[in-house]
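Reviewing the structure listed below.
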DNA sequence: CTTATATCTGCGAACGTTCACAATCCGCGC
DNA sequence: GCGCGGATTGTGAACGTTCGCAGATATAAG
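Residue numbers (our numbering), protein chains in the order written: chain A, 1 to 342; chain B, 343 to 684.
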């Protein structure tokens, strides 16, 4: 209030105070090697005394970079931003945070058709890179991708089923192994995988592979309870579990490819008087909040959205020529649904 | 690939093609009134032919604006970005989207102590405005706020308990009314409010007020089942519900201030053999995914994160001098927990 | 003591826009 | 017929930084 708002200090002000030229200030603060250590200290001191910060707008203009990361979240046609998967939201949030930590701003968009988005940003050139969250089977989208990529624009994908591109995924093989090892340690003898393979959801397939591997390592035959398409994932899980019971399969535990299916399965088991965890162990993947409130509470493998977001940002911003393909560690969260009472 | 990447066209290129001077291009495209309609058309045509877009960096530098919106999500000390309330995430996402739609980028941060953030952005001046998501009782934070505000920097708050500032909240009074009206229509006779009043959570208090008003309008006496502090909201709900049963209060329905409490209450009722919805109706607020999977599925009042995000951005960016205080509509979602079978 | 070399710093320009101001054109009234 | 105001457009500068290049200083070698 009193005194009014002072003008923001510029590099000229710092230069004057430090007794050097203005470009020297720039060099000192941007970490250029061609600067004497003594000068740098002097400049830094002056900058701090004045409360100086580099004006990113000017720096970016001159440098030719945008300092901006575009993020597109793929959602179904007509979906509002509110109705997407909670994990995608958490991922979005952590991408934004990771970008901010590296001094990048984010331009976020929810899109049913990624290609529109790609075209737009490609032309407008408003972002240095693009992070895509979600899975699409949309072929034109992949074309736009390659176009972006060949222009030197960086793109990273969460869970991409397309092998030409940079991606980041959960360590789904480890998830499968963790699930099997936990179930066996808890006293179950024949865990079965619940989920569909060979769908665009590569991550599900990978979880199965981890599961199968661990089963064989324990001298057991993998077994699969395939799901069929339904309106919701819960419904898929419900149906698959019901079928399992009807056919009287010889299994005593289920590893569902995602929590939503696991929750559906829990309902089906309850309806058929199969008591979880006594008669049947159930474990999922995703660590949905819902799993904390189901009855019984759901054991699950938790992905790490914070790590995943950081990895995505890193994949986009670090311009190593090598393709970035990172696995983000997962962790086991034990709740009642696999606690076979002694 | 072939031909390499062409240089991005500038306003000089457009000017040359349209046969006007460069600043005229700027005027034509920025909607300045001091321009002949014929000229504007000529310029726009040339711009489209060349695929020209204004370089935001240069425009912002010259204009003195940042084109950036800072968003801070307040979380508890040590919390990672991943562990915050799902609604806050949804809100964050929709704020980012709403900002992007208005051509603003977002700088997102998760902070336990908002004052650090305020100070940082205040000095660095990297954002035109600030959106704060979350509730804090931290007094120093409010000081920083006022400072920002008096410097002409715009700030908007989700659910602020501080009356000097712009805020956006759910229409909590309507929520209370909706809950009561629904419960009465469903055949319950004496619904009770479950939650604590006079806490920093103004929104809870407002929901109670709406509830009480609707009760009186129906000729009923409001009733309150106060919660006490516990590690989690579920636990608060569980305890409050247990006490309600022990004391044998004459009630047949509960409106919980949030879904987490409602879910806790559901557990307590189940443990005490009070059958929901037959003996007791339960309704919450938040529309957590968890409510879809609880047993029975939870009737709830759903806030609208998309609308809320848009309103927050509007409050920050529209520089009317009048304080922006907006109520975002809520909607009733009926599930089994209030479906008293006939 | 001089020259070559490496290390550091200053100078000027450039990035692409918007803004203040001056210049031009037009029609109209005296 | 000349000047004058309003509507448009052009001119020049400025926003605050980074970059290329030349100049300066110090250190080492001949």
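Ideal placement from N, C-alpha and C gives every residue a C-beta, glycine not left out.
Using the Cα positions of residue i and residue j, report the straight-line distance between them to the nearest angstrom.
| i | j | result |
| --- | --- | --- |
| residue 666/B | residue 514/B | 17 Å |
| residue 669/B | residue 512/B | 5 Å |
| residue 451/B | residue 623/B | 40 Å |
| residue 352/B | residue 389/B | 9 Å |
| residue 438/B | residue 249/A | 48 Å |
| residue 566/B | residue 637/B | 24 Å |
| residue 17/A | residue 394/B | 41 Å |
| residue 671/B | residue 509/B | 15 Å |
| residue 625/B | residue 600/B | 9 Å |
| residue 30/A | residue 286/A | 41 Å |
| residue 416/B | residue 289/A | 20 Å |
| residue 475/B | residue 34/A | 44 Å |
| residue 595/B | residue 527/B | 12 Å |
| residue 180/A | residue 646/B | 40 Å |
| residue 652/B | residue 659/B | 11 Å |
| residue 27/A | residue 15/A | 11 Å |
| residue 517/B | residue 89/A | 25 Å |
| residue 244/A | residue 530/B | 40 Å |
| residue 620/B | residue 682/B | 5 Å |
| residue 374/B | residue 128/A | 30 Å |
| residue 543/B | residue 429/B | 15 Å |
| residue 524/B | residue 674/B | 8 Å |
| residue 496/B | residue 54/A | 22 Å |
| residue 276/A | residue 447/B | 48 Å |
| residue 436/B | residue 58/A | 29 Å |
| residue 613/B | residue 271/A | 19 Å |
Can you tell me whether residue i is buried or exposed, with buried defined as 16 or more other CB within 10 angstroms of its CB?
| i | result |
| --- | --- |
| residue 100/A | buried |
| residue 445/B | exposed |
| residue 111/A | buried |
| residue 680/B | buried |
| residue 615/B | exposed |
| residue 219/A | exposed |
| residue 649/B | buried |
| residue 383/B | exposed |
| residue 398/B | buried |
| residue 231/A | exposed |
| residue 406/B | exposed |
| residue 391/B | exposed |
| residue 559/B | exposed |
| residue 644/B | buried |
| residue 589/B | exposed |
| residue 685/B | As displayed, chain B neither begins before 343 nor continues past 684, which places residue 685/B out of reach and without an answer. |
| residue 43/A | buried |
| residue 519/B | buried |
Which residue or residues does DSSP assign as beta-bridge partners of residue i?
| i | result |
| --- | --- |
| residue 285/A | 301/A |
| residue 111/A | 74/A |
| residue 511/B | 669/B |
| residue 536/B | 567/B and 598/B |
| residue 133/A | 73/A and 158/A |
| residue 674/B | 643/B |
| residue 68/A | 105/A |
So, for residue i: in the same chain, excluding its five sequence neighbours on each side, which residues have a beta-carbon less than 8 Å away from its beta-carbon?
| i | result |
| --- | --- |
| residue 677/B | 633, 634, 638, 639, 640, 641 and 642 |
| residue 234/A | 260, 261, 263, 264 and 267 |
| residue 468/B | 408, 410, 412 and 449 |
| residue 197/A | 204, 205, 208, 224 and 226 |
| residue 2/A | Because residue 2/A carries a pLDDT of 33, less than 50, the predicted location of this residue cannot be relied on, and no value is offered for it. |
| residue 355/B | 392 and 394 |
| residue 532/B | 562, 565, 592, 593, 594 and 595 |
| residue 199/A | 205 |
| residue 60/A | 66 and 67 |
Excluding the 5 residues preceding and the 5 following residue i in the sequence, name in chain order all residues of the same chain whose CB lies nearer than 6 Å to its CB.
| i | result |
| --- | --- |
| residue 238/A | 264, 267 and 268 |
| residue 535/B | 550, 553, 566 and 597 |
| residue 98/A | 309, 310 and 313 |
| residue 364/B | 353, 354 and 357 |
| residue 37/A | none |
| residue 242/A | 268 |
| residue 582/B | 536, 567 and 569 |
Beta-carbon within less than 7 Å of residue i's beta-carbon, same chain only, minus the 5 sequence neighbours each way: which residues are those?
| i | result |
| --- | --- |
| residue 39/A | 20, 24 and 28 |
| residue 433/B | 475, 500, 647, 650 and 651 |
| residue 298/B | Beyond the ends of chain B as shown, which are 343 and 684, falls residue 298/B; an answer cannot be given. |
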